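Asker: Handing you a structure now.
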Amino acid sequence: MTIVEQGSGPAPQAASDLIKETTTQTFVKDVIEESKRQPVLIDFWAPWCGPCRQLTPIIEKAVRAANGKVKLVKMNIDEHPAIPGQMGIQSIPAVIAFVNGQPADGFMGAVPESQVTAFINKLTAGMPDAGEPNIAEILQEADAVLAEGDPAAAAQIYAEVLAADATNIAALAGLAKCYVATGAIEQAKQTLAMVPESKRNDAAVKAVQASLDLAEQAASVGPVTELEQKVAANPLDHQARFDLATALNASGKRAEATQHLLEIVKRDRKWNDDGARKQLIQLFEAWGGADEATVEGRKRLSTILFS
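Counting the sequence shown from 1 gives a position; my numbering is that position plus 162.
Below, the structure written as C-alpha coordinates:
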(Lines of atoms letter the chains of each structure in order from A; the text may use other names.)
(Lines give C-alpha, C1' and ligand atoms only; values in the text may rest on other atoms or scores of the structure.)
Protein backbone atom coordinates (compact mmCIF):
# COMPACT_ATOMS: atom_id res chain seq x y z
CA MET A 163 0.00 0.00 0.00
CA THR A 164 1.11 3.55 -0.69
CA ILE A 165 0.38 6.65 1.40
CA VAL A 166 -0.08 10.46 1.04
CA GLU A 167 0.73 13.45 3.15
CA GLN A 168 -0.97 16.59 4.18
CA GLY A 169 -0.52 19.72 6.21
CA SER A 170 -1.80 21.50 9.19
CA GLY A 171 -4.67 23.84 9.68
CA PRO A 172 -8.34 23.54 8.89
CA ALA A 173 -9.62 23.35 5.32
CA PRO A 174 -10.51 26.65 3.64
CA GLN A 175 -14.16 27.56 3.90
CA ALA A 176 -14.59 27.56 0.11
CA ALA A 177 -13.68 23.88 -0.04
CA SER A 178 -15.77 22.80 2.93
CA ASP A 179 -17.80 20.43 0.77
CA LEU A 180 -14.69 18.60 -0.51
CA ILE A 181 -12.17 19.08 2.32
CA LYS A 182 -12.85 18.75 6.05
CA GLU A 183 -11.32 17.79 9.39
CA THR A 184 -12.53 14.67 11.18
CA THR A 185 -12.34 13.25 14.71
CA THR A 186 -12.29 9.80 16.24
CA GLN A 187 -16.05 10.15 16.82
CA THR A 188 -16.91 11.29 13.26
CA PHE A 189 -14.42 9.08 11.37
CA VAL A 190 -16.98 6.39 10.48
CA LYS A 191 -19.44 8.94 9.08
CA ASP A 192 -16.87 11.15 7.33
CA VAL A 193 -14.70 8.40 5.86
CA ILE A 194 -16.26 4.92 5.98
CA GLU A 195 -19.84 5.87 5.13
CA GLU A 196 -18.93 8.68 2.73
CA SER A 197 -16.58 6.37 0.79
CA LYS A 198 -19.57 4.21 -0.13
CA ARG A 199 -20.74 7.16 -2.24
CA GLN A 200 -17.37 8.28 -3.64
CA PRO A 201 -13.65 7.75 -2.86
CA VAL A 202 -12.40 9.55 0.27
CA LEU A 203 -8.76 10.37 1.06
CA ILE A 204 -7.95 10.41 4.77
CA ASP A 205 -4.84 12.50 5.44
CA PHE A 206 -3.06 11.88 8.76
CA TRP A 207 -1.04 14.94 9.83
CA ALA A 208 0.24 16.89 12.84
CA PRO A 209 0.97 20.60 13.40
CA TRP A 210 4.70 19.96 14.01
CA CYS A 211 5.13 18.02 10.74
CA GLY A 212 7.00 20.07 8.08
CA PRO A 213 6.34 17.67 5.15
CA CYS A 214 2.63 17.78 6.12
CA ARG A 215 2.64 21.54 5.54
CA GLN A 216 4.27 20.97 2.14
CA LEU A 217 1.69 18.43 1.11
CA THR A 218 -1.40 20.39 2.22
CA PRO A 219 -1.65 22.87 -0.70
CA ILE A 220 -0.69 20.15 -3.19
CA ILE A 221 -3.29 17.61 -2.15
CA GLU A 222 -6.03 20.22 -1.66
CA LYS A 223 -5.39 21.60 -5.15
CA ALA A 224 -5.52 18.09 -6.64
CA VAL A 225 -8.76 17.25 -4.82
CA ARG A 226 -10.43 20.46 -6.05
CA ALA A 227 -9.21 19.77 -9.59
CA ALA A 228 -10.92 16.36 -9.47
CA ASN A 229 -14.27 18.19 -9.71
CA GLY A 230 -16.04 16.36 -6.90
CA LYS A 231 -14.93 12.83 -7.79
CA VAL A 232 -13.06 12.51 -4.50
CA LYS A 233 -13.18 14.07 -1.02
CA LEU A 234 -10.34 14.84 1.40
CA VAL A 235 -10.69 14.29 5.14
CA LYS A 236 -7.87 15.33 7.52
CA MET A 237 -7.10 13.86 10.93
CA ASN A 238 -4.73 15.48 13.44
CA ILE A 239 -2.98 12.46 14.97
CA ASP A 240 -1.94 14.41 18.10
CA GLU A 241 -5.56 15.12 19.00
CA HIS A 242 -6.97 11.83 17.64
CA PRO A 243 -4.36 9.04 17.94
CA ALA A 244 -6.74 6.06 18.16
CA ILE A 245 -7.65 5.64 14.45
CA PRO A 246 -4.10 6.04 13.04
CA GLY A 247 -2.92 3.68 15.79
CA GLN A 248 -5.47 1.04 14.75
CA MET A 249 -4.44 1.46 11.10
CA GLY A 250 -0.75 1.09 11.87
CA ILE A 251 0.23 4.58 10.71
CA GLN A 252 3.86 5.03 11.87
CA SER A 253 4.99 8.08 9.91
CA ILE A 254 3.32 11.17 8.48
CA PRO A 255 2.12 12.62 6.29
CA ALA A 256 0.20 9.48 5.32
CA VAL A 257 -2.80 9.42 2.98
CA ILE A 258 -5.08 6.42 2.69
CA ALA A 259 -7.82 6.14 0.06
CA PHE A 260 -11.10 4.56 1.15
CA VAL A 261 -13.49 3.11 -1.44
CA ASN A 262 -16.78 1.36 -0.63
CA GLY A 263 -16.03 1.49 3.08
CA GLN A 264 -12.59 -0.14 2.82
CA PRO A 265 -8.98 1.13 2.51
CA ALA A 266 -8.01 0.69 -1.15
CA ASP A 267 -4.66 2.41 -1.68
CA GLY A 268 -2.42 5.09 -0.25
CA PHE A 269 0.95 6.81 -0.16
CA MET A 270 3.32 8.42 2.34
CA GLY A 271 5.47 11.52 2.38
CA ALA A 272 5.40 14.95 0.76
CA VAL A 273 5.13 13.69 -2.82
CA PRO A 274 5.03 16.04 -5.85
CA GLU A 275 1.78 17.33 -7.36
CA SER A 276 2.09 15.08 -10.43
CA GLN A 277 2.17 11.99 -8.21
CA VAL A 278 -0.86 13.11 -6.18
CA THR A 279 -2.80 13.86 -9.38
CA ALA A 280 -1.88 10.48 -10.87
CA PHE A 281 -2.97 8.78 -7.64
CA ILE A 282 -6.38 10.49 -7.72
CA ASN A 283 -6.82 9.83 -11.45
CA LYS A 284 -6.18 6.12 -10.93
CA LEU A 285 -8.60 6.06 -8.03
CA THR A 286 -11.40 7.83 -9.92
CA ALA A 287 -10.90 6.43 -13.43
CA GLY A 288 -14.21 6.26 -15.30
CA MET A 289 -16.15 8.35 -12.80
CA PRO A 290 -18.17 11.35 -14.09
CA ASP A 291 -17.38 14.78 -12.70
CA ALA A 292 -19.82 16.12 -10.13
CA GLY A 293 -22.66 17.75 -12.02
CA GLU A 294 -21.72 16.00 -15.26
CA PRO A 295 -24.39 13.84 -16.84
CA ASN A 296 -24.01 10.16 -16.03
CA ILE A 297 -23.96 8.10 -19.25
CA ALA A 298 -25.76 5.17 -17.62
CA GLU A 299 -28.55 7.46 -16.40
CA ILE A 300 -28.86 9.10 -19.84
CA LEU A 301 -29.17 5.68 -21.48
CA GLN A 302 -31.85 4.70 -18.97
CA GLU A 303 -33.74 7.86 -19.84
CA ALA A 304 -33.48 7.09 -23.57
CA ASP A 305 -34.68 3.51 -22.99
CA ALA A 306 -37.66 4.81 -21.01
CA VAL A 307 -38.58 7.35 -23.71
CA LEU A 308 -38.40 4.64 -26.37
CA ALA A 309 -40.52 2.29 -24.26
CA GLU A 310 -43.12 5.06 -23.94
CA GLY A 311 -43.43 5.09 -27.73
CA ASP A 312 -41.40 8.14 -28.76
CA PRO A 313 -38.53 6.76 -30.91
CA ALA A 314 -37.71 10.20 -32.38
CA ALA A 315 -37.05 11.74 -28.95
CA ALA A 316 -35.18 8.62 -27.79
CA ALA A 317 -32.99 8.75 -30.92
CA GLN A 318 -31.91 12.30 -30.03
CA ILE A 319 -30.84 11.17 -26.56
CA TYR A 320 -28.90 8.17 -27.91
CA ALA A 321 -27.24 10.49 -30.44
CA GLU A 322 -26.09 12.77 -27.59
CA VAL A 323 -24.37 9.81 -25.94
CA LEU A 324 -22.72 8.84 -29.23
CA ALA A 325 -21.49 12.41 -29.70
CA ALA A 326 -19.52 11.96 -26.47
CA ASP A 327 -18.62 8.29 -27.05
CA ALA A 328 -19.00 7.08 -30.64
CA THR A 329 -18.34 3.46 -29.62
CA ASN A 330 -20.97 3.17 -26.87
CA ILE A 331 -22.61 -0.17 -27.69
CA ALA A 332 -25.82 0.47 -25.74
CA ALA A 333 -26.33 3.80 -27.52
CA LEU A 334 -25.64 2.30 -30.95
CA ALA A 335 -28.11 -0.51 -30.26
CA GLY A 336 -30.67 1.96 -28.91
CA LEU A 337 -30.37 4.26 -31.92
CA ALA A 338 -30.71 1.32 -34.32
CA LYS A 339 -33.81 0.21 -32.40
CA CYS A 340 -35.30 3.69 -32.86
CA TYR A 341 -34.72 3.46 -36.60
CA VAL A 342 -36.39 0.03 -36.73
CA ALA A 343 -39.37 1.44 -34.80
CA THR A 344 -39.81 4.23 -37.35
CA GLY A 345 -39.31 1.93 -40.35
CA ALA A 346 -35.93 3.43 -41.30
CA ILE A 347 -34.45 0.00 -42.04
CA GLU A 348 -31.39 1.17 -43.99
CA GLN A 349 -30.40 3.63 -41.26
CA ALA A 350 -30.81 0.87 -38.69
CA LYS A 351 -28.49 -1.36 -40.74
CA GLN A 352 -25.91 1.43 -41.06
CA THR A 353 -26.00 2.04 -37.30
CA LEU A 354 -25.55 -1.64 -36.46
CA ALA A 355 -22.68 -1.81 -38.96
CA MET A 356 -20.79 0.56 -36.63
CA VAL A 357 -20.77 -2.09 -33.88
CA PRO A 358 -17.37 -3.86 -33.80
CA GLU A 359 -17.40 -7.56 -34.72
CA SER A 360 -16.27 -8.44 -31.19
CA LYS A 361 -19.45 -6.85 -29.74
CA ARG A 362 -21.98 -8.42 -32.13
CA ASN A 363 -23.00 -10.95 -29.47
CA ASP A 364 -23.95 -8.23 -26.99
CA ALA A 365 -27.54 -8.91 -25.88
CA ALA A 366 -28.77 -5.44 -26.88
CA VAL A 367 -27.16 -5.72 -30.32
CA LYS A 368 -28.58 -9.20 -30.93
CA ALA A 369 -32.04 -7.99 -29.91
CA VAL A 370 -31.94 -5.13 -32.42
CA GLN A 371 -30.57 -7.41 -35.15
CA ALA A 372 -33.51 -9.76 -34.51
CA SER A 373 -35.95 -6.82 -34.68
CA LEU A 374 -34.34 -5.67 -37.91
CA ASP A 375 -34.60 -9.13 -39.48
CA LEU A 376 -38.25 -9.36 -38.46
CA ALA A 377 -38.99 -5.89 -39.86
CA GLU A 378 -37.45 -6.89 -43.21
CA GLN A 379 -39.54 -10.06 -43.23
CA ALA A 380 -42.70 -8.07 -42.46
CA ALA A 381 -42.07 -5.75 -45.40
CA SER A 382 -42.43 -8.69 -47.80
CA VAL A 383 -45.41 -10.63 -46.44
CA GLY A 384 -48.31 -8.36 -47.40
CA PRO A 385 -51.12 -6.64 -45.47
CA VAL A 386 -52.53 -8.15 -42.27
CA THR A 387 -56.10 -8.17 -43.61
CA GLU A 388 -55.24 -10.28 -46.66
CA LEU A 389 -53.27 -12.74 -44.56
CA GLU A 390 -56.11 -13.05 -42.05
CA GLN A 391 -58.47 -13.88 -44.90
CA LYS A 392 -56.08 -16.57 -46.18
CA VAL A 393 -55.81 -18.20 -42.75
CA ALA A 394 -59.59 -18.04 -42.25
CA ALA A 395 -60.11 -19.71 -45.63
CA ASN A 396 -57.58 -22.44 -44.89
CA PRO A 397 -56.47 -22.89 -41.26
CA LEU A 398 -53.86 -25.44 -42.45
CA ASP A 399 -52.07 -22.88 -44.63
CA HIS A 400 -49.08 -22.66 -42.30
CA GLN A 401 -47.15 -20.27 -44.52
CA ALA A 402 -50.03 -17.78 -44.50
CA ARG A 403 -50.29 -18.12 -40.71
CA PHE A 404 -46.51 -17.70 -40.37
CA ASP A 405 -46.62 -14.55 -42.53
CA LEU A 406 -49.60 -13.26 -40.56
CA ALA A 407 -47.65 -13.66 -37.30
CA THR A 408 -44.74 -11.70 -38.81
CA ALA A 409 -47.06 -8.90 -39.94
CA LEU A 410 -48.88 -8.79 -36.59
CA ASN A 411 -45.58 -8.46 -34.73
CA ALA A 412 -44.63 -5.54 -37.00
CA SER A 413 -47.94 -3.92 -35.97
CA GLY A 414 -47.06 -4.31 -32.29
CA LYS A 415 -49.55 -7.15 -31.72
CA ARG A 416 -47.19 -9.47 -29.89
CA ALA A 417 -49.75 -11.73 -28.20
CA GLU A 418 -51.58 -12.40 -31.49
CA ALA A 419 -48.28 -13.07 -33.31
CA THR A 420 -47.27 -15.54 -30.60
CA GLN A 421 -50.66 -17.29 -30.76
CA HIS A 422 -50.43 -17.96 -34.51
CA LEU A 423 -46.89 -19.34 -34.32
CA LEU A 424 -47.83 -21.54 -31.36
CA GLU A 425 -50.75 -22.81 -33.42
CA ILE A 426 -48.33 -23.94 -36.16
CA VAL A 427 -46.06 -25.64 -33.60
CA LYS A 428 -49.13 -27.41 -32.16
CA ARG A 429 -50.44 -28.57 -35.56
CA ASP A 430 -47.14 -29.47 -37.27
CA ARG A 431 -43.94 -29.12 -35.26
CA LYS A 432 -41.74 -30.17 -38.21
CA TRP A 433 -43.21 -27.69 -40.71
CA ASN A 434 -40.55 -25.72 -42.57
CA ASP A 435 -37.73 -27.30 -40.57
CA ASP A 436 -39.21 -26.28 -37.20
CA GLY A 437 -39.68 -22.78 -38.62
CA ALA A 438 -42.49 -21.64 -36.30
CA ARG A 439 -40.54 -22.43 -33.13
CA LYS A 440 -37.41 -20.76 -34.53
CA GLN A 441 -39.46 -17.67 -35.39
CA LEU A 442 -40.81 -17.56 -31.85
CA ILE A 443 -37.26 -17.65 -30.47
CA GLN A 444 -36.34 -14.74 -32.74
CA LEU A 445 -39.39 -12.80 -31.52
CA PHE A 446 -38.45 -13.44 -27.89
CA GLU A 447 -34.89 -12.24 -28.57
CA ALA A 448 -36.17 -9.07 -30.25
CA TRP A 449 -38.63 -8.31 -27.44
CA GLY A 450 -36.15 -9.02 -24.62
CA GLY A 451 -36.22 -11.68 -21.93
CA ALA A 452 -38.11 -9.53 -19.41
CA ASP A 453 -40.93 -8.53 -21.78
CA GLU A 454 -44.36 -9.77 -20.70
CA ALA A 455 -45.04 -11.26 -24.15
CA THR A 456 -41.71 -13.14 -24.03
CA VAL A 457 -42.33 -14.58 -20.56
CA GLU A 458 -45.86 -15.71 -21.45
CA GLY A 459 -44.82 -16.98 -24.89
CA ARG A 460 -41.94 -19.05 -23.51
CA LYS A 461 -44.24 -20.57 -20.93
CA ARG A 462 -46.84 -21.55 -23.53
CA LEU A 463 -44.21 -22.89 -25.95
CA SER A 464 -42.72 -25.08 -23.20
CA THR A 465 -46.18 -26.45 -22.39
CA ILE A 466 -46.68 -27.49 -26.03
CA LEU A 467 -43.18 -28.92 -26.50
CA PHE A 468 -43.11 -30.96 -23.30
CA SER A 469 -46.74 -32.02 -22.99
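No residue lacks a Cβ here, since even glycine has one placed at the ideal position from N, Cα and C. As the structure is a prediction and not an experimental result, all values here were calculated from the model.
Just grab the DSSP bridge partners of Asn238 for me.
Answerer: Asn238 pairs with Trp207.
Asker: Verify the contact flag: Leu467, CB atom, against every heavy atom of the ligand COA, threshold strictly below 7 angstroms.
Answerer: In terms of ligand content, the structure shown is empty, and the ligand COA therefore cannot be addressed.
Asker: Rounded to whole angstroms, what is the Cα-Cα separation between Met270 and Lys284?
Answerer: Approximately 16 angstroms between the Cα atoms of the pair.
Asker: Name the two residues that bound the continuous beta strand (DSSP E) containing Gly268.
Answerer: 264-270 is the span of the beta strand (DSSP E), which, as asked, contains Gly268.
Asker: Quick check on Ala259: does DSSP put it in helix, strand or coil?
Answerer: Ala259: strand per DSSP, three-state reduction.
Asker: Just the Cα atoms here: how many angstroms apart are Ala438 and Gln302?
Answerer: Their backbone Cα atoms lie some 33 angstroms apart in a straight line.
Asker: In three-state DSSP terms, what is Lys182?
Answerer: Residue state, collapsed to three classes: strand.
Asker: Where DSSP assigns a beta bridge to Lys233, which residues make up the other side?
Answerer: DSSP, once it has assigned bridges, lists Val202 as partnering Lys233.
Asker: When the Cβ atoms of the segment 362-376 are set against those of the segment 446-463, are three or more pairs found closer than 8 angstroms?
Answerer: Touching, yes.
Asker: Would you be able to state if there are at least three C-beta pairs under 8 angstroms between the segment 427-436 and the segment 376-393?
Answerer: Taking 8 angstroms as the limit for Cβ pairs, the verdict is that the segment 427-436 does not touch the segment 376-393.
Asker: DSSP state of Arg431, grouped into three classes?
Answerer: In this structure, Arg431 counts as coil in the three-state DSSP scheme.
Asker: Any contact of the segment 329-343 with the segment 304-314, i.e. 3+ C-beta pairs under 8 angstroms?
Answerer: With the cut-off at 8 angstroms, the segment 329-343 and the segment 304-314 touch.
Asker: Using the three-state DSSP reduction, which class does Ala448 fall into: helix, strand or coil?
Answerer: Three-state DSSP puts Ala448 in a helix.
Asker: Would Ala335 and Ala287 be called neighbours here (beta carbons separated by less than 8 angstroms)?
Answerer: No, Cβ-Cβ distance for Ala335 and Ala287 is not below 8 angstroms.
Asker: Could you work out which residue in Thr456, Ala381, Ile297 is closest to Ala328 when comparing CA atoms only?
Answerer: If we check each option's Cα against that of Ala328, Ile297 comes out closest.
Asker: How should Phe278 be labelled, buried or exposed, when 16 other C-beta atoms within 10 angstroms of its C-beta is the threshold for buried?
Answerer: First, the amino acid is wrong: residue 278 is Val here, not Phe. Answer is buried; the Cβ neighbour count reaches 16.
Asker: Return the first residue and the last residue of the alpha helix (DSSP H) that Ile282 is part of.
Answerer: Element bounds for Ile282: 275-285.
Asker: If you draw a straight line from the alpha carbon of Pro199 to that of Ala321, how long is it in whole angstroms?
Answerer: Per the sequence shown, residue 199 should be read as Arg rather than Pro. Answer to the nearest angstrom: the Cα atoms are 29 angstroms apart.
Asker: Is it buried or exposed, Glu195, if we count other Cβ atoms within 10 angstroms and call 16 or more buried?
Answerer: Label assigned to Glu195: exposed.
Asker: Pick out whichever of Asp179, Ile204, Ser197 has its Cα sitting closest to the Cα of Gly185.
Answerer: It is worth fixing the name first, because residue 185 is Thr in this sequence and not Gly. Considering only alpha carbons, the answer is Ile204.
Asker: Kindly confirm or deny that the segment 241-258 and the segment 214-223 touch, where touching means at least three C-beta pairs closer than 8 angstroms.
Answerer: Output reads yes: the segment 214-223 touches the segment 241-258.
Asker: State buried or exposed for Leu398, treating a residue as buried only when at least 16 other CB atoms are found within 10 Å of its CB.
Answerer: That one is exposed.
Asker: Ile347: which of His400, Ile239, Asn330, Gln379 sits nearest, CA to CA?
Answerer: The candidate whose alpha carbon is nearest that of Ile347 is Gln379.
Asker: Exposed or buried, what is Pro274 when buried is set at 16 or more other beta-carbons lying within 10 Å of its beta-carbon?
Answerer: The residue is exposed, with fewer than 16 neighbouring Cβ atoms inside 10 Å.
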